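For what it's worth, my numbering labels the leading residue of the sequence shown as 8, then goes sequentially. In this text, a Cβ means the ideal position worked out from N, Cα and C, and glycines have one as well. Predicted model only: the values in this text are computed from it and were never measured.
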Amino acid sequence: MSSTRTRASRPIGADPTSTALLLAGPTAVELWPGLRRLGEVGGRVLVELDRPTPTAASVTARPPRRTPTAYVTRFGWTGPDLPVTEGVLTLTYAPGDATPSTRAELVLDSEDVALSRLDEAALAQMAEQFLANLARAAESRRAA
8 MSSTRTRASR PIGADPTSTA LLLAGPTAVE LWPGLRRLGE VGGRVLVELD RPTPTAASVT
68 ARPPRRTPTA YVTRFGWTGP DLPVTEGVLT LTYAPGDATP STRAELVLDS EDVALSRLDE
128 AALAQMAEQF LANLARAAES RRAA
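Okay, structure coming up:
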């Protein structure tokens, strides 16, 4: 069994608390690119992934946990022909001007990527797009 680590990070023009609140709701899964929520069973969210061809996946996500310096969210997914993946999203206060801002860091640990429908490039693209979607949602709430 081989393991692949994918990292992505970006600044978000909103404070970590309001950004973390976006991850506490059921719509957080919909921030992932190419996912469509199908339902929920036994604490797992069932989704359809349209990359590169449609397949189902089961997602577990824990609500954000506050630490002394950040908010940390842990999640994972598994599905036919997908790498078993565990992820950690960390939201910390970022230094900046008078506007509160966040540094978001996403780390995905995936098993047997070479045997799955998703390669390393696809995982990296999904991670970057997730952070872009999260930033867009957080920044639009801040501006409202």
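- Under the DSSP assignment, L28 falls in the alpha helix (DSSP H) whose first and last residues are P23 to A31.
- Between L96 and T109, the C-beta gap is not smaller than 8 Å, which leaves the two residues out of contact.
- In this chain, R58 is not harboured by any beta strand (DSSP E), its DSSP state being neither H nor E.
- Between A105 and E146, the alpha-carbon positions lie close to 15 Å from each other.
- The shortest CA-to-CA distance from R81 to any of L56, A129 and V114 is the one to V114.
- Taking A121 as reference, the option from A21, P90 and V36 with the minimal CA-CA separation is P90.
- Along the length of the stretch 82-135, whole beta strand (DSSP E) runs at least 3 residues long occupy 92-101 and 108-118, reported in chain order.
- Apart from sequence neighbours up to five positions away, the residues of its chain that approach A68 with a beta-carbon distance below 6 Å are F82, ordered along the chain.
- Under a 10 Å Cβ-count criterion, M133 is classified as buried, with 16 or more other Cβ atoms of the shown protein chains found around its own Cβ.
- In this structure, G86 lies near T62, with their beta-carbon atoms less than 8 Å apart.
- Residue burial annotation: P33 is exposed, with fewer than 16 other C-beta atoms found within 10 angstroms of its C-beta.
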